[in-house]
Structures are given as structure tokens and as C-alpha cells.
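To start, the structure itself, in C-alpha cells.
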Amino acid sequence: MSDPKPIIWMRPERPARGPVPTHSRGEIAAVAIKIADSEGIDAASVRNIAKELGTGTMTLYRYLPTKEDLYAVMIDNATGFEPQEPTGNLRADLTTLARRRRQIFLRHPWLAPLLATRPIMGPNFLRGMERDLALLGSCGLDMDETLDVLNLILSWVSGAVQAELAQQAATYQSGVDRHAWRLRMKPYLMSLLETGEFPYLSKMTHESEIGDADERFESGLSMILDGIEARFATTPEDSGPRSAD
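The numbers in the sequence shown follow my numbering, run straight up by one, and end at 428.
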């Protein structure tokens, strides 16, 4: 087996020989992201990107020879890098981290699923990882604890956002919003509840108020942070973790 080609970030953007490139990787990534945001990741093909740029399809392969290369620059461009200074307050720092991540995923609906495919990590992504590790390190967590907390928060945000986006897609495709769908389901659900076989579903139906996406996100995040705080209690004045008794 031949040695794999160096990943995209280890290859010079401008070749040592030949004509000066007309486009940059960043420009190509920006066009690809625009297409993916509006039409889905499958629409971000080299053919469609080349058409948007007004260039030949084969020309783009000089910049990004494989789909892996294209996805790598798209992810890094879409992720970007936003600094966040550690406060030493675990809850406050994780709240900012989670909200920022959610907004990135909502802006780019294709990003969370693509990140789950073990993509190549670019410089922006790695700067963000360093920032997030520093946030938790400043709160006194060791590296294993830091990774456990980060994985919990990021996995939950990804799942919550994908559920939110799936609901939006269902509304768009069917033309039936969440409220209209619940009204349609109500007669069927009430007929089941009247049998008395579903006491907890009945209690939920009569007592609970399901909030909008923002409220559900904040509520779920709050519960997760309660658990993290209980296990790793820190304050800005106390940088060391204290396991709950």
C-alpha cells in the first residue's frame, strides 16, 4: 500500500511552480458553505461550486483534489474561531461554550453530522479545541475530567440541535408546524388516555407545557450543568475541583 497523501493543511496552498492560483481555498470554502447552507451538503459538489465561481470543474481539483479536502476546508471555515477568556466559573464558561456551539450548528445545518464522520481537523477547529480545554483547565479539572465534560456538553448540543433542525425540516416539507401537528394528533391521543392505561402520559398532557426550541435548549443545558457542578464544584475564587460528597 502506498503512503497516503499528506492532509490538506500540510500542503501549500500556492504551488511552488505553475501559474498563480485564481482562487483561494477560503474562497472555495465560502461558496461551498453558501450552497450547503441553502441546499444541503450533497449540493456542495465541485460542479456546483465551479458554476458559482464561474470556472471549470477540473480547475477546482487543483485546489482541493478530493471530497475529504473540500469538507476539511468547509468545516474549518464554518467553525471559525471566536476567543473566549476563561473566567474560572465552570457553569458560566460552559454555558457560553454550549450556546456558541448551538448557534454555529444552526447557521450550518450540515456541520454537526459532518463532524461526526471523523473529519480532518483544521487550524480553526484546533484553536477552538485549545480554547475549550483552557476553559475547563482554568476551573481546576484534570485532563480526563476535562475531556469527559467537553464530550458530554458537545454531544448533547449536537443531538439537541439535530433534533431541532429535524423538526424544522419536517415543518418545511409537510407545511404543518408543530402546533398544527399536535392539534391533529389530539383526538387520537385523548382516545387512548380515556382508557386509563396511560396515567403518566395523561399527567404529562394535562400538566406540562413544552416550550419552544430556545426554552428546551436552556432547560436541558441547565440540568446538565447542575450535574456537572455537583460533581466538580468550583468558583472563580477556588480554582480546584471539589468532588461532591
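The beta-carbon is built from N, C-alpha and C at its ideal position, and this holds for glycine as well.
The model shown is predicted, which means the values in this text are computed figures rather than measured ones.
- Bounds of any alpha helix (DSSP H) do not take in R194, whose DSSP letter is neither H nor E.
- Comparing alpha-carbon positions, the option among Q267, L236, I218 and D360 lying closest to Y254 turns out to be I218.
- Of all alpha-carbon atoms in L236, V344 and R365, the one lying nearest the alpha-carbon of R282 is that of V344.
- About 6 Å separates the beta carbon of V332 from that of L319, a gap short enough to meet the 8 Å contact definition.
- A straight line joining the alpha-carbon of S385 with that of F308 spans about 46 Å.
- In the structure shown, M387 falls within a helical segment according to DSSP collapsed to helix, strand and coil.
- I191 is a Cβ neighbour of V256, given a cutoff of 8 Å.
- For A219, the enclosing alpha helix (DSSP H) begins and ends at R208 to E222.
- Assignment of D331 by DSSP, reduced to helix, strand and coil, places it in the helix class.
- When DSSP states are grouped into helix, strand and coil, D360 belongs to the coil group.
- Short of 8 Å from the beta carbon of D220, and not among the five residues preceding or following it, lie these beta carbons of its own chain, in chain order: R290, H291, P292 and W293.
- The criterion of a C-beta distance shorter than 8 Å is not satisfied by L324 and L408.
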